[in-house]
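Using this note's numbering, read the sequence shown as starting at 4 and increasing by one per residue.
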Amino acid sequence: MLPAVYYFLQVTLCSALMMGYYWVVLRNKRFHQYNRFYLLAVAVLSWLIPLIKIRWERPELMGTQVIRFLTVVADNNAEMDAVVARQGYVWDSMQLLSALYFTVAALLLLSIFIALFRIYRLLKTASCKSLGDVYLIITQVKGTPFSFFRYIFWNEAIDLRSDAGKQILQHELAHVKQQHSADKLLIQLVLVAGWFNPFFWLLRREMSMIHEFIADQQAVGNGDTAALAQMLLTAAFPQQQFALTHPFFFSPIKRRLQMLTNHKNPRFSYLRRLVVLPLLALMVVLFAFRSKSAQHTNTISVASILERVVSDLKPGTQDTFTAKPDLQQANIKVTDIRIPAIELKKSYRIVINPGHGGDDKGAIAADGTRESDMALLLARTIKEVNTSNQLDIVLTRSGDQYNTVVETANFTNSQSADVFVGLHMNSSQPVLKNGKSAVENPSRGAEIYIAARNKAVDYNANYALANHIGQELSGISDPFLGIKSREKGIYVLQEVKCPSVLIEAGFMSSKEDLALLKNSDYRKRLAYSIIRGIQGYLHQLESGKSTVFEAVSDTVITRPKGSAVTAVGKNKGDGSTVTVVDKFRNKYPRLENVIILVDGERKTEQEMELLNPNNIESIKVSKTQAEGYGEEGKNGIIYIQTKPGSNQIKSGPGSENDNKIFTVTEAPPSFPGGLPAWQKYLARSSKPGVIKQNGGPKGLYKVHLSFIVGEDGSISNVKADNDPGYGAAAEAVRLIKNGPNWVAAKQNGIKVKAKHNLMITFYVS
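And the structure:
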């Protein structure tokens, strides 16, 4: 809705400028035909000029890309966001404005149909005489004579044979021949769409006067001007008006009399009419030139070259990566580093979904900043900085309104989207210091989620899109937490029919992240990175190629320790250097014909997706110990050692003989019957009225829960990790405890005991 408001403001400003020129230069001058078509142009151009987009320059051509894959880490403990809502509908300001706009427009459109119906009824009830191409309708209706297209409605009280009657008939014939009714109908339709614009109402009045000037001028001809003037003065004004017609006795008549008696042509008449050309040029410049310069000339940050580094492990060598490796530096002679824009061959529609909205504010920072506002701000920035003519960016919401996940998915599919990107901000609970006072949680950084393989429409496409965006985000988000898959809380990602990702752009609970997200320059860099990632993915679909970085100044890039670096640039040897820093970033390359051993057990690539990189103690790569594996291990062996106890937590003393409780499993616990059954259970069993009875105001109450699902599906250790108050936490715990047994988690095809997290949201209206 907000873009529509901005567009309407631009329409109003355009019409104000052009009507101002008319009022000062053209009004009450004798070139009536010119003024008529000028006003028609105002009615049309006021809508068109704000829609014109002219780019200053086109993006540069792209070259080949060096891309490094990021590994998707499964997050089986993703939140299941269940919303328990009471009946009711909440109107926000944008919806009220929309309702007002369409109500008034509908009333104006109805008035047009009523006027047409009244004219139609007159045609059916009155006698008609044919005058060639014109029809004369004889009637006694008040307000006649008037004309409407080829019909002249004549009052039988006026004698056609009298001088006055002849002049009036000539006047109405002029309206018919000049097709003034078409002008009036067009202006009325413009008012239906632009009733809010006072300059359109002024335009309608001036157009009616110009029609009368033209008809009066042709009615007089070489006849008696004084007689027509006398007749206008003595005639009785009608008591009934038809909005779409041209009544002869049109009030006011003072200006008509002035124009009848004014025989002077204004000085500089042609100059007055030509001045409109620079005025139109000025408006095109004001509204059409949206981009001052192409964005691709911005020099990227120090870390953003990481994505373009090629790792090449040499045969016969081995190296060990640790969580905190030593740093080494090397210099490479190369030119400055610049990001060229990516030229696409086809046009694509990108749907951006800023999360939350309306009463659902999402995470709220310590200073009151709302996730819903920050997500919308980032979405608008992405749309604003987009300079590609091939990318049509559509937002699922433009204001502070709430869309359900079903509405969002349906809207995306109705747009025939090529890419879907959800925008959210993360949050984490404060940490207890020494078991007493709470301090800020150190968690910060950006991450990307995609639907799990068994939930995704096209997992490989989602994975590729996430990799391209991840390459870009890792250059500006420090830290970049990688790419994760999830099975819960991703309804939109699994329902849209195009490649889709969800970006958590930072932590609202982190002062550092929040300061960055509020900074307009950082948001633009973040938006550029997302757009570049999307472009890179789409370009690779088109040709299998993507961009390189041109080096243009001294900078630093990051690479895995011990790997080779390929620098691509122009004018090498000019003295510029690139500093290469070794750093392990907790991401695995996607390799073929490589043996992966985790704690001595061989793992598949899919199993590796379930391993949390934060649990890794060390990684060792060997090319010399793979002979026994034949072709399978021709590219080497990767030895991964995990931290002790990293894949499990222990129960309290005496509970089920200290059995292992999994936090990460191949198949997580689930409600029997899946998401539909879970939603039905909540709708049937929840009591959101408890919150209102306890004095809770309207709004959303989110409760984060954790509990253990046993091998038999039994529920234990249910607890609320937060309490929004008014009995919300107790009600959420009750729903889990009183519910049925769950479907147990599975690891290696065996049912296991596992910890599960989910969120229940109560909505009180």
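Using N, Cα and C, we set each Cβ at its ideal position, and we do this for glycine too.
| Query | Result |
| --- | --- |
| Contact check, S512 vs A731, beta carbons under 9 Å | no |
| Rounded C-alpha distance that separates T407 from H359 | 9 Å |
| Reference D715; option with closest CA among W157, I353, K756 | K756 |
| Distance, R528 Cα to L468 Cα | 19 Å |
| Ranges of the beta strand (DSSP E) found wholly within the region 352-405, counting only runs of at least 3 | 394-398 |
| Contact between the region 151-160 and the region 127-139 (3+ Cβ pairs under 8 Å) | yes |
| Outcome for G639 when other beta-carbon atoms lying within 10 angstroms are tallied against a minimum of 16 | buried |
| Straight-line gap, K740 to V409 (C-alpha atoms, nearest Å) | 28 Å |
| According to DSSP, residues forming a beta bridge with V746 | S673 |
| Straight-line Cα distance separating K180 from Y41 | 19 Å |
| Backbone secondary structure at F665 - three-state DSSP | strand |
| Beta-carbon spacing of V422, I506 below 9 Å | no |
| Counted within 10 angstroms of its Cβ, other Cβ atoms place Y9 as buried (16 or more) or exposed | exposed |
| Expected contact under 8 Å - CB spacing of A366 and S430 to nearest Å | 4 Å |
| Supposed close pair G361, D403 - CB separation, criterion 8 Å | 6 Å |
| Reduced DSSP category for C17 - H, G, I as helix; E, B as strand; rest coil | helix |
| Straight-line gap, G197 to S350 (C-alpha atoms, nearest Å) | 31 Å |
| Beta-carbon proximity of I451 to K487, cut-off 9 Å | yes |
| Short Cβ contact (9 Å threshold) for L3 with V45 | The question about residue 3 has no answer, for the chain in this structure spans 4 to 768. |
| Start-to-end residues for the beta strand (DSSP E) that takes in A508 | 503-510 |
| Any non-hydrogen atom of the ligand FMN within 8 Å of G716 CB | In the structure shown, the ligand FMN is absent, as is every other ligand, since no ligand is present at all. |
| Cα-Cα separation between M212 and V47, rounded to whole angstroms | 19 Å |
| Inter-residue Cα distance where the pair is G539 and V597 | 27 Å |
| Residues that H427 bridges to, as DSSP identifies them | E507 |
| Status (buried if at least 16 other CB within 10 Å, exposed otherwise) for Y375 | Reading off the sequence shown, one finds Ser at residue 375, where the question assumed Tyr. When all chains shown are included, S375 counts as buried. |
| A420 to F11 span [Cα, whole Å] | 26 Å |
| Closest residue to G135 among H471, L176, M22, D461 (Cα-Cα distance) | L176 |
| One or two residues paired with Q170 in a DSSP bridge | DSSP lists no partner for Q170. |
| Proximal residues to D363 (C-beta, below 6 Å), its chain only, five neighbours per side dropped | Y405, L703 |
| First and last residue of the uninterrupted beta strand (DSSP E) at W157 | 154-158 |
| Start-to-end residues for the beta strand (DSSP E) that takes in S3 | Here the chain comprises residues numbered 4 to 768, so residue 3 is not present and cannot be evaluated. |
| Nearest neighbour of Y525, chosen from K663, I694, M377, D602 [CA to CA] | M377 |
| Which residues DSSP lists as bridging L29, in chain order | L29 pairs with nothing; no bridge assigned. |
| DSSP-derived helix/strand/coil call for I217 | helix |
| Bridge-paired residues (DSSP) for H759 | F710 |
| CA-to-CA distance, P502 to P482, given in whole angstroms | 25 Å |
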